[in-house]
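Only one structure is covered here, and it is reproduced in the block below.
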Amino acid sequence: MYDKLLIELSRPGRSGFSLPELPPDYKGPESILPSSSLRKDQPQLPELSEPEVVRHFVSLSAKNHHIDKGMYPLGSCTMKYNPKINDDMANLPGFVNAHPYAPIDSVQGTLELMYNLQEMLAVISGMDYVTLQPVAGAHGEFTALLLFRAYHLKNKQTRRKNIIIPDSAHGTNPASVTLAGFNTVKVPSNPQGGVDIEKLAAVCDDETAGFMLTNPSTLGLFESNVEKIAAIVHECGGLLYMDGANLNALLGITRPGDMGFDVVHFNLHKTFSTPHGGGGPGGGAIGIKAILEPFLPSPVVIRKTEKDGGYSYTLDNNRPDSIGRVHGFYGNFASDVRGYTYIRMNGPDGLREISKTAIINANYLKENLKQDFALPYDFPCMHEFVLSGDNQLAYGIKTADMAKRILDFGIHAPTVYFPLIVHEALMIEPTESESKESLDYFIEALKQIAKEAKENPEIIKSAPHNTPVARLDEALAAKNLDVSW
Ligand SMILES: Cc1ncc(COP(=O)(O)O)c(C=O)c1O
């Protein structure tokens, strides 16, 4: 009953607070608003007791699927568990109460954390510098492309207007390219799901500003030709960008900087376990090679060595070649604290274990599911893999139907219909934070769905059966938000 609207639950006279009685002659503070703007009647607010309000919101939170409730195997999105200690640290009063305009001397701890996070991310990625200003993966892409532009302009390479992108790329890549004023040039994938090297060499020329590569790709495959790709792109004068959304597969194993990339973005809200997906603002830091340092967004957090050998931290605003700010103040600082905590809690060996476990978990699912579902790229995968719903299409079941049926098992649907190069795609990323039992439950659920497709397709076509709402018009819902009563 508590999932009704608060106004429906309301009963006159109920309240969830107790305040001392006002003196009878109390008139309240003098209003600074003109009397025409003052309301004449009491607002019609719901009247409820505290437990009713708590039950209402707890009941709403349980209706939605979230990572604290069950598995969330979204491919290329790394919906991993967000350890609660991250929030405890982000909520420390010294961090929460720090004001962006506070004198530098009074926020040394805050700057120290940012500086140390930059340094740790640089080591993890094999890059020379890191900026924490971008606040999403897409924002990191955009920032990197502005750096590319500034670099080429500084070198008087004004013809370089094209960014090459493989056909398996995430949609944010070409969107960032357009937003940064470049043109997209597409290269196809080869039959192994990697970049077609010959086609890349054919399009790379003196109009190429750079190449954006997701590694591992959105097919969950490591790009084994990455060094050849770096050589081709650099030889034609371009810069190399790694979309690091899938960095969860590489931690402590290999580094984008060592592979030849000039820039990589980190999704703090994926790899480094800060919440996202409606759960909080993100962190899209980027790591860069030294050639791009002059162009970094301003201000840059720097460390100085004092006379006594100790350190102090400050913000460097004096950067004539900087692309300027890409976000108000310094990015999403609370996201930085969560990412920093995650890295410190796990340490170098722990981070390597995370990636290894993520890879093993994905391969375990892939091997167990490939008898029932088509697997167009049947290779050892990294942290994710992409099935196709083609086998089930023969029974009139689409991938969208199976995604809805998965919800009945208390599991969020995987990413569907992406990457575009896989027909009826189901992209699955279990992450390292799922136990063997949880992985087995997922396998059983999918095997049951494959069986139902043959024996009882109606149950899939009419799914979901256990959720508060069934099939919504998602495009309409996103365009016509109804957020009030
Ligand atoms: C491969 C890839 N690149 C880029 C992005 C964009 O990241 P964000 O959602 O943080 O903007 C995503 C997001 O899912 C992704 O999967």
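Heads up: the sequence shown is residues 72 to 556, going by our numbering. Note that CB positions come from ideal geometry on N, CA and C, so glycine has one too.
C-alpha distance - residue i paired with residue j, whole-angstrom precision
i	j	result
His305	Val371	27 Å
Gly208	Val297	21 Å
Asn319	Ile359	19 Å
Glu500	Gln189	27 Å
Met142	Asn434	17 Å
Ala272	Ile303	6 Å
Gly481	Ile514	13 Å
Pro327	Met313	7 Å
Asp96	Pro117	27 Å
Ser81	Met72	12 Å
Leu458	Ile468	14 Å
Leu464	Arg476	15 Å
Thr255	Leu217	15 Å
Asp479	Gln519	12 Å
Asp238	Pro447	16 Å
Met160	His494	43 Å
His347	Ser106	44 Å
Asn187	Glu121	43 Å
Cys275	Cys307	6 Å
Ile430	His454	4 Å
Gly180	Tyr152	27 Å
Ile531	Ala474	9 Å
Ser504	Leu192	21 Å
Lys232	Lys225	14 Å
Ala549	Pro485	20 Å
Asp176	Asn389	19 Å
Gly99	Asp112	16 Å
Glu101	Lys378	56 Å
Ala280	Phe219	7 Å
Ala221	Asp139	43 Å
Lys270	Ser260	9 Å
Ile394	Leu367	6 Å
Gly210	Val194	The question names Gly, yet the displayed sequence has His at residue 210. Computed Cα separation, rounded: 22 Å.
Arg542	Ala521	20 Å
Leu552	His127	21 Å
The beta strand (DSSP E) enclosing residue i, as first and last residue numbers
i	result
Pro447	It is not in any beta strand (DSSP E) - Pro447 carries neither H nor E in the DSSP assignment.
Asn237	For clarity, residue 237 is Pro in the given sequence; the question names Asn instead. 233-237 is the span of the beta strand (DSSP E), which, as asked, contains Pro237.
Asp314	310-314
Asn254	254-258
Ala251	Unbroken run through Ala251: none, as it is neither H nor E.
Leu458	456-459
Met283	279-285
Thr202	200-202
Ile175	No beta strand (DSSP E) holds Ile175; DSSP gives it neither H nor E.
Ile156	From DSSP, Ile156 is part of no beta strand (DSSP E) but of the alpha helix (DSSP H) over 155-161.
Ile499	496-499
Presumed contact (8 Å Cβ cut-off) between residue i and residue j, rounded CB distance
i	j	result
Gly165	Asp329	Not really, about 36 Å apart at Cβ, beyond 8 Å.
Ile300	Val334	The Cβ separation is near 15 Å, so there is no contact.
Thr376	Ser147	Actually they are not in contact, since the Cβ atoms of Thr376 and Ser147 sit about 41 Å apart, beyond 8 Å.
Thr149	Thr342	6 Å
Thr428	Asn157	With 8 Å as the limit, Thr428 and Asn157 do not qualify as a contact, their Cβ atoms being about 19 Å apart.
Ser406	Pro352	6 Å
Pro154	Tyr413	7 Å
Asp74	Ser130	5 Å
Val258	Val248	The pair is not a contact, with the Cβ atoms about 13 Å apart (cut-off 8 Å).
Gly355	Asn338	6 Å
Bounding residues of the alpha helix (DSSP H) (the contiguous stretch that carries residue i)
i	result
Lys531	Reading off the sequence, residue 531 comes out as Ile, not Lys. Note, Ile531: alpha helix (DSSP H), 528-532.
Arg55	With the chain covering 72 to 556 only, the question about residue 55 has no answer from this structure.
Ile414	404-440
Met72	Per DSSP, Met72 belongs to no alpha helix (DSSP H) and is neither H nor E.
Leu15	Residue 15 falls outside the range modelled here, since the chain spans only 72 to 556, and no answer is possible.
Ile303	297-306
Pro205	Run containing Pro205: none; DSSP gives neither H nor E here.
Ile268	268-274
Phe166	164-167
Ser132	121-134
Leu547	545-550
Cutoff 8 Å: residue i Cβ touching any chain B Cβ
i	result
Val371	The structure shown contains no chain B; it holds only a single protein chain.
- request: Quick one: which unbroken beta strand (DSSP E) runs of 3-plus residues sit fully inside the segment 316-398? Chain order, please.
  value: 334-336, 357-359, 371-376, 382-387
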